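Reviewing the structure listed below.
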Amino acid sequence: MARSSTLSSPTVVALFAAALLFLLHPLNAELTADFYAKTCPDVSSIVQTVIHEALQYDPRITASLLRLHFHDCFVQGCDGSVLLDNSPTIKSEKDAAPNFNSARGFGVVDKIKAAIESTCPETVSCADILALAANASVYLSGGPYWTVLLGRRDSLTANQGLANTSIPSPFESYANLTSKFYVLGLDITDLVTLSGAHTFGRAHCKSFTPRLYNFTKNGGPDPTLSPWYLTALQKLCPPNFNPKVITDLDPTTPNLFDNHYYSNLQKNDGLFETDQELYSTAGAATVPIVNSFSADQSAFFKSFTRSIVNMGNISPLTGSNGEIRCNCRKVNKS
Ligand code: HEM
Ligand SMILES: *[C@@H]1O[C@H](CO)[C@@H](O)[C@H](O)[C@H]1NC(C)=O
Ligand SMILES: *[C@@H]1O[C@H](CO)[C@@H](O)[C@H](O)[C@H]1NC(C)=O
Ligand SMILES: *[C@@H]1O[C@H](CO)[C@@H](O)[C@H](O)[C@H]1NC(C)=O
Ligand SMILES: *[C@@H]1O[C@H](CO)[C@@H](O)[C@H](O)[C@H]1NC(C)=O
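If you use the UniProt record's numbering, the sequence shown corresponds to residues 1 to 334, in order.
In structure tokens, the structure reads:
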């Protein structure tokens, strides 16, 4: 029968329609700057007001909120998955290695969400709140602001296993680090630029102590760590360090979003292996980028506004996918 070797006309029509729909409505549905212009026009000022209040008692909150946007986007896209608590159906990303006893700011996200819900109920996603909070946080800490693209929806799932593997560890090799960004569509410029977020915030001893003791396997510390910084970090974090101790990511201007991250790297004062690798890996393509951002803060800021938008575009849920959560900690039907 002819039908087995040729396509029936209804099939051809269906394929054509599907192709047309695909062209008109790409899978990678676009986020837009004016997504809430009609439905929640004050969303930006609400976000900014809550964060500004929180800053009065927690000078670190802006750094913590920016990091949440990163940890959200690197695990199944920017979909609010990092905010879900454990439940019978959710294995929380909060218990994944990069987040456990480390990710913070969830209470402030709850406050932002509650303030928004009271003005525009069931309208603004938790994933968009993290993107908006990143913009407000960087700006309130002295950095740039950017055109935040919006329209993300919230996931019905979390992926703890993916959080363990997708989010780079501070001990990652240069090759692994670049590849973990590359698979998400982020290039070397994005890597160097976004790492500049380590210009503020705090870290625990466990994130860098392997550099301090027997790093070389014949007793020596990481040779790309400056002598004064090594001594200071060893004093703060002895081999049997207190797991609660924290230190500044940027020893020069700990709470400011500026370009000192890059000048620190040039002085061998990067805190994590993954920071210092960007400058100390011989011949790496990242080295000239570090140098240019160290020399020119406005070049860093300009690049940051591009790279943070690139990160925010990682596979969002849009249209009728996912949902607008009422409470960022749980899916609606649970
Ligand atoms: C390039 C790979 C990255 C690695 C390996 C990395 C690793 C880390 C680690 C280990 C900490 C400290 C955790 C602790 O000890 O509790 C940290 C903190 C932080 N990270 Fe990253 N990070 C990376 C990229 C990024 C990006 C892309 C951003 C945002 C755009 C970011 C923003 C931050 C901030 C702001 C903090 C301080 C958070 C706070 O004080 O609460 N990081 N990062
Ligand atoms: C980004 O931050 C700037 C500075 O606070 C603010 O004027 C702007 O409204 C923010 N954008 C959005 C979309 O929230
Ligand atoms: C993720 O890592 C944490 C901490 O190492 C571990 O307890 C947890 O079982 C891991 N989760 C998955 C799903 O692999
Ligand atoms: C790099 O990635 C490989 C493959 O995932 C892994 O086995 C290795 O431990 C990673 N290296 C570092 C230094 O993290
Ligand atoms: C350093 O590590 C190596 C390899 O793990 C080990 O053989 C050596 O005994 C260690 N040296 C010191 C001083 O701890």
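For each residue, glycine too, the CB sits at the ideal point set by N, CA and C.
Bear in mind the structure is a predicted one, so any value in this text is a computation, not a measurement.
- In the three-state DSSP reduction, Leu317 falls in the strand class (E or B).
- Contact annotation: the segment 146 to 166 does not touch the segment 50 to 62, with fewer than three C-beta pairs closer than 8 Å.
- Spatial neighbours of Asn176 in its own chain (CB-CB distance under 8 Å, excluding positions within 5 residues in sequence) are listed in chain order as Pro168.
- Its Cα nearest to that of Ala63, the residue Ala136 stands out among Thr49, Ile314, Ala136 and Val75.
- One alpha carbon belongs to Ala103, the other to Leu65, and they sit about 9 Å apart.
- Taking 8 Å as the cut-off, the beta carbon of Asp85 is found closer than this to the beta carbon of Lys94.
- By the rule of a C-beta closer than 6 Å to any heavy atom of ligand 2, the residues picked out are Ser44, Gln48, Leu132, Asn135, Ala136, Tyr139, Tyr145 and Val148.
- In the structure shown, Thr157 falls within a coil segment according to DSSP collapsed to helix, strand and coil.
- Around the beta carbon of Thr89, a 10 Å sphere encloses fewer than 16 other beta carbons of the protein chains shown; the residue is thus reported as exposed.
- Short of 7 Å from the beta carbon of Ala158, and not among the five residues preceding or following it, lie these beta carbons of its own chain, in chain order: Ser81, Leu84, Ile90, Lys91, Ser92 and Glu93.
- Relative to ligand 3, the nearest heavy atom lies less than 7 Å away from the CB of Ala96.
- With contacts defined as CB atoms closer than 8 Å, Ile246 and Ala203 qualify as a contacting pair.
- Residue burial annotation: Ala134 is buried, with at least 16 other C-beta atoms found within 10 angstroms of its C-beta.
- The continuous beta strand (DSSP E) containing Thr247 extends over residues Ile246 to Asp248.
- Secondary structure remark: continuous alpha helix (DSSP H) runs of at least 4 residues inside the segment 126 to 172, in chain order: 126 to 140 and 160 to 166.
- Here the C-alpha atom of Lys206 lies approximately 44 Å from the C-alpha atom of Ala37.
- The beta carbon of Asn240 sits no closer than 7 Å to any heavy atom of ligand 5.
- Using a cutoff of 7 Å, the CB of Asn176 counts as near ligand 4, since one of the ligand's heavy atoms is closer than that.
- Thr252 carries a coil assignment under DSSP once its states are collapsed to helix, strand and coil.
- The Cβ-Cβ distance between Gly319 and Ala131 does not fall below 8 Å.
- The beta-bridge partner set that DSSP reports for Lys330 consists of Asn327.
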